[in-house]
Amino acid sequence: MQFDVVTLFPRMFEAVTRWGVTGRAEEANRYNLVLWNPREFAAGPHRSVDDRPYGGGPGMVMMVEPLEKSVQAARQRQRSQGLGRPKVVFLSPQGRLLDHRIVRRLAQEPGLVLVAGRYEGVDERFIEREVDEEISIGDYVLSGGELAAMVLMDCVIRQLEGVLGHGESAAQDSFFDGLLDWPHYTRPENYRGAEVPPVLLSGNHREIEHWRMKQALGRTWRRRPELLETASLTEAQLTVLEEFKKEQALLRSKSS
Ligand code: ADE
Numbered sequence: 019m020q021f022d023v024v025t026l027f028p029r030m031f032e033a034v035t036r037w038g039v040t041g042r043a044e045e046a047n048r049y050n051l052v053l054w055n056p057r058e059f060a061a062g063p064h065r066s067v068d069d070r071p072y073g074g075g076p077g078m079v080m081m082v083e084p085l086e087k088s089v090q091a092a093r094q095r096q097r098s099q100g101l102g103r104p105k106v107v108f109l110s111p112q113g114r115l116l117d118h119r120i121v122r123r124l125a126q127e128p129g130l131v132l133v134a135g136r137y138e139g140v141d142e143r144f145i146e147r148e149v150d151e152e153i154s155i156g157d158y159v160l161s162g163g164e165l166a167a168m169v170l171m172d173c174v175i176r177q178l179e180g181v182l183g184h185g186e187s188a189a190q191d192s193f194f195d196g197l198l199d200w201p202h203y204t205r206p207e208n209y210r211g212a213e214v215p216p217v218l219l220s221g222n223h224r225e226i227e228h229w230r231m232k233q234a235l236g237r238t239w240r241r242r243p244e245l246l247e248t249a250s251l252t253e254a255q256l257t258v259l260e261e262f263k264k265e266q267a268l269l270r271s272k273s274s
């Protein structure tokens, strides 16, 4: 997959390209990242990329032209790779909230152009002219879109073919089937009195699978009940969830 990122702080992206899963994936050419700094496309002796907002108020606004020229250069590069017109994604708190469905959809694209804004915002005309999709990573404000772009890249990259090994398939991630993950344990069996659930030591794979599914369903029900409305559970899963609820009720009645 081809990523082109427009940012005033290109070196921040070493956090993605140098470490861990995304670092190895870049080495293995599962994706390619090219960075574009709008300052390189800015006019004038100071190469300004921002200016004061019309209408007054605090802060600075990023100007259209350096951003537009950066995006056009990025598009041109992807076209020269034989790819079609890449989707241009602008990261901002005004965007649609990122979720696993959006991640999977974006992972199908041959290339993406991600734009990270800074300062108080970017001139709206840039968004109207160049941006296909505006995405937010949560209802809070970051100092810039770079961290959001890196979050998006990280979760898209782990979906790409051949990035995760057999033992760490993306199919096992939380949200793969719309549910939260089950709890995990490793050695020692007893950590200062806290035991690993015995079923995980039983070697009975059917029981282990049943327990894990029950935990995933139960956690989702307790922590993020709204996810269950869209998870389209199977009959078997509904039965297991009822089991979990009954066990919880029993535990509660015992402790009161
Ligand atoms: N830029 C600043 N805050 C952001 C957020 N929450 N999501 C995406 N981009 C941002």
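If you count the sequence shown from 1, you need to add 18 to reach this note's numbering.
We put the beta carbon where it would ideally sit given N, CA and C, even for glycine.
Proximal residues to residue i (C-beta, below 8 angstroms), its chain only, five neighbours per side dropped
{"i": "Met19", "result": "Arg48, Tyr49, Asn50, Ala125, Glu127, Pro128, Gly129, Leu130, Val174, Ile175 and Leu178"}
{"i": "Phe194", "result": "His118 and Ala188"}
{"i": "Ser161", "result": "Arg136"}
Three-way DSSP call (helix, strand, coil) for residue i in this model
{"i": "Trp54", "result": "strand"}
{"i": "Phe31", "result": "helix"}
{"i": "Arg240", "result": "helix"}
{"i": "Val217", "result": "helix"}
{"i": "Leu101", "result": "coil"}
{"i": "Leu198", "result": "coil"}
{"i": "Met80", "result": "strand"}
{"i": "Arg123", "result": "helix"}
{"i": "Gly139", "result": "strand"}
{"i": "Pro88", "result": "Contrary to the premise, residue 88 reads as Ser rather than Pro in this sequence. Ser88: helix per DSSP, three-state reduction."}
{"i": "Leu268", "result": "helix"}
{"i": "Val258", "result": "helix"}
{"i": "Gly113", "result": "strand"}
{"i": "Ala189", "result": "helix"}
{"i": "Val174", "result": "helix"}
Residue i vs residue j beta-carbon contact at 7 angstroms
{"i": "Arg136", "j": "Leu256", "result": "no"}
{"i": "Leu182", "j": "Ile155", "result": "no"}
{"i": "Pro56", "j": "Pro28", "result": "no"}
{"i": "Leu109", "j": "Ala33", "result": "no"}
{"i": "Asp172", "j": "Thr35", "result": "no"}
{"i": "Ile153", "j": "Arg114", "result": "yes"}
{"i": "Val217", "j": "Glu225", "result": "yes"}
{"i": "Gly221", "j": "Phe262", "result": "no"}
Option nearest residue i by Cα separation, candidates the options
{"i": "Val82", "options": "His202, Arg147, Gly196 and Ile226", "result": "Arg147"}
{"i": "Glu265", "options": "Trp229, Val133 and Arg242", "result": "Trp229"}
{"i": "Leu170", "options": "Gln96, Glu151 and Val258", "result": "Glu151"}
{"i": "Asp141", "options": "Ser110, Lys105, Pro216 and Val79", "result": "Val79"}
{"i": "Phe144", "options": "Val107, Ala166, Asp172 and Ala167", "result": "Val107"}
{"i": "Val278", "options": "Ser88, Val52, Gly75 and Gly73", "result": "Nothing about residue 278 can be read from this structure; the chain reaches only from 19 to 274."}
{"i": "Ala92", "options": "Ile120, Pro71, Phe21 and Arg270", "result": "Phe21"}
{"i": "Glu260", "options": "Ser98, Gln99 and Met231", "result": "Met231"}
{"i": "Val159", "options": "Gln112, Met168 and Asp191", "result": "Gln112"}
{"i": "Ala46", "options": "Gly180, Gly73 and Gly211", "result": "Gly180"}
{"i": "Trp54", "options": "Asp191, Ala254 and Gln94", "result": "Gln94"}
{"i": "Val121", "options": "Asp191, Glu58 and Ala254", "result": "Asp191"}
{"i": "Met30", "options": "Leu269, Met168 and Tyr209", "result": "Met168"}
{"i": "Arg240", "options": "His223, Ala267, Leu219 and Ala254", "result": "Ala267"}
Neighbourhood of residue i by C-beta, 7 angstroms cutoff - its chain only, sequence neighbours within 5 removed
{"i": "Val214", "result": "Tyr203 and Glu207"}
{"i": "Glu86", "result": "Phe144, Arg147 and Glu148"}
{"i": "Arg242", "result": "Leu198"}
8 angstroms contact criterion, which residue i and residue j should meet: CB distance rounded
{"i": "Gly77", "j": "Glu138", "result": "3 angstroms"}
{"i": "Val52", "j": "Ala134", "result": "Actually they do not touch by this definition, with Cβ atoms about 14 angstroms apart."}
{"i": "Leu245", "j": "Thr252", "result": "Their Cβ separation, rounded to whole angstroms, is 15 angstroms, which puts Leu245 and Thr252 out of contact at 8 angstroms."}
{"i": "Asp199", "j": "Ala249", "result": "That pair is no contact at about 13 angstroms."}
Contacting residues, own chain, Cβ-Cβ under 6 angstroms from residue i (five flanking each side not counted)
{"i": "Tyr44", "result": "One point to set straight first is that residue 44 is Glu, not Tyr, in the sequence displayed. Hits under 6 angstroms: Thr35."}
{"i": "Lys105", "result": "Glu127, Leu130 and Asp150"}
{"i": "Gly163", "result": "Leu109, Ala134 and Gly135"}
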